[in-house]
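Taking it in order: structure first as structure tokens, then the write-up.
Number of protein chains: 2
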Amino acid sequence: MKISEISQRYGLTPDTLRYYEKIGLIAPVPRNASGIRNYSEDEIKRIEFIKCMRRAGIPLQTLIEYIELAKKGDDTISLRREILLQQREQLVVKMRDLQETLNFLEYKIKIYDKAVLNAKKDLRSENA
Amino acid sequence: MKISEISQRYGLTPDTLRYYEKIGLIAPVPRNASGIRNYSEDEIKRIEFIKCMRRAGIPLQTLIEYIELAKKGDDTISLRREILLQQREQLVVKMRDLQETLNFLEYKIKIYDKAVLNAKKDLRSENA
DNA sequence: ATACAGGCTGGAGTGGGCTCCAGGTCAAGC
DNA sequence: GCTTGACCTGGAGCCCACTCCAGCCTGTAT
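Same order as they appear, the protein sequences are chains A and B.
Each residue of the first sequence is one higher than the last, beginning at 20 in my numbering.
Each residue of the second sequence is one higher than the last, beginning at 20 in my numbering.
So this is what it looks like as structure tokens:
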């Protein structure tokens with residue numbers, strides 16, 4: 020698959036895809052005779068992984084470290100597991116934060132609902 | 020309260036607090052005779068609000084817009100409400116994303132658990 | 001033959017959100 | 001009276017994660 024197809028499919032610009040390759044997040048993508056990238060299943064899986072992690076805001080640097088370890092083979096399995104555990108923990112914390120903010124927003128919105136209602140009431144009595 | 024006290028209490032550096040003031044996120048803080056900021060309840064409430072919103076990743080620009088509206092008085096209530104509704108919606112989406120990534124992480128971690136277990140088994144049989 | 005789309009590269013630029021710094025003022029303690 | 005430390009200012013610098021660009025190449029359509 021060409022870069023533009025991948026781009027469309029995953030909502031990442033070609034520039035971003037090349038950038039990920041440049042910084043070592045994706046292994047050098049195989050090229051055809053005229054130097055054009057031809058993404059295979061391997062790269063696609065990697066991109067899906069990255070996309071998922073990035074949507075949760077996990078930094079590129081963390082992903083690079085993880086992938087570097089993966090390259091080094093089975094000796095790094097427990098280190099990689101550690102990274103995943105850490106990230107999971109951080110996501111849990113982040114979810115809690117989001118939930119708190121969400122609760123606060125709900126609370127404020129309720130207050131605004133009342134305010135809007137009162138404003139309408141005032142308007143009615145003005146017209147009366 | 021002095022800037023350093025606020026800084027400690029909310030985990031924002033004095034630089035960040037002054038920065039928020041500079042960009043109009045906090046109204047100019049009252050000063051004592053020698054020009055030193057003296058934060059009052061009003062500012063503290065504002066800072067708590069900002070802190071909460073920022074933890075959920077709501078952009079400074081959005082907060083500035085909201086606060087600009089609040090300054091303009093009651094005519095802007097329903098606009099402000101709209102902003103809050105929008106942010107709530109975005110937070111809900113973000114939570115879903117995080118949950119998905121979390122699920123994926125759980126799944127990967129399980130695979131790693133097995134791999135670590137197998138590695139230990141191999142080690143035992145080597146020693147046997 | 002040529003125009004054009006789409007790819008390539010290296011490197012510069014951008015936007016968000018801080019963070020750091022030089023150079024200055026001031027109040028308190030020694 | 002001098003040092004120290006906390007504060008002040010304007011402005012520069014930094015990190016992250018892209019994003020854009022000039023200048024070049026190539027395969028395909030007209």
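Note that the Cβ used here is the ideal one computed from N, Cα and C, for glycine as well.
Only a predicted model underlies this, so the values are computations on that prediction, with no experimental measurement involved.
Assigned exposure category for residue i - 16 Cβ within 10 Å defines buried
i: TYR126 (chain A); result: exposed
i: ARG99 (chain A); result: buried
i: VAL111 (chain B); result: exposed
i: ILE130 (chain A); result: exposed
i: GLU24 (chain B); result: exposed
i: GLU62 (chain B); result: buried
Backbone CA spacing between residue i and residue j [nearest angstrom]
i: ILE128 (chain B); j: LEU103 (chain A); result: 7 Å
i: MET72 (chain A); j: ARG50 (chain B); result: 45 Å
i: ARG107 (chain A); j: GLY43 (chain B); result: 36 Å
i: LYS113 (chain B); j: LYS70 (chain A); result: 14 Å
i: ARG115 (chain B); j: THR95 (chain A); result: 31 Å
i: ILE83 (chain B); j: ALA89 (chain B); result: 10 Å
i: SER26 (chain B); j: SER97 (chain A); result: 39 Å
i: LEU31 (chain A); j: ASN57 (chain A); result: 16 Å
i: LYS64 (chain B); j: ALA52 (chain B); result: 24 Å
i: VAL135 (chain A); j: THR120 (chain A); result: 22 Å
i: THR35 (chain A); j: GLU87 (chain A); result: 19 Å
i: PHE68 (chain A); j: ILE77 (chain B); result: 25 Å
i: ASP93 (chain B); j: GLN109 (chain A); result: 40 Å
i: ASP141 (chain A); j: PRO33 (chain B); result: 44 Å
i: THR81 (chain B); j: GLU101 (chain B); result: 12 Å
i: ASP132 (chain A); j: GLN105 (chain A); result: 40 Å
i: LEU124 (chain A); j: ASN137 (chain A); result: 20 Å
i: SER144 (chain B); j: ASN122 (chain B); result: 34 Å
i: LYS91 (chain B); j: TYR85 (chain B); result: 10 Å
Check whether residue i and residue j have beta carbons under 8 Å apart
i: ILE45 (chain B); j: LYS21 (chain B); result: no
i: ILE66 (chain B); j: TYR29 (chain B); result: yes
i: LEU79 (chain B); j: ALA75 (chain A); result: no
i: VAL48 (chain A); j: GLU40 (chain A); result: yes
Checklist entry - For the segment 52-94 of chain A, which segments carrying the alpha helix (DSSP H) assignment without a break, of at least 4 residues, lie completely within its bounds, in sequence order? => result 60-74 and 79-90
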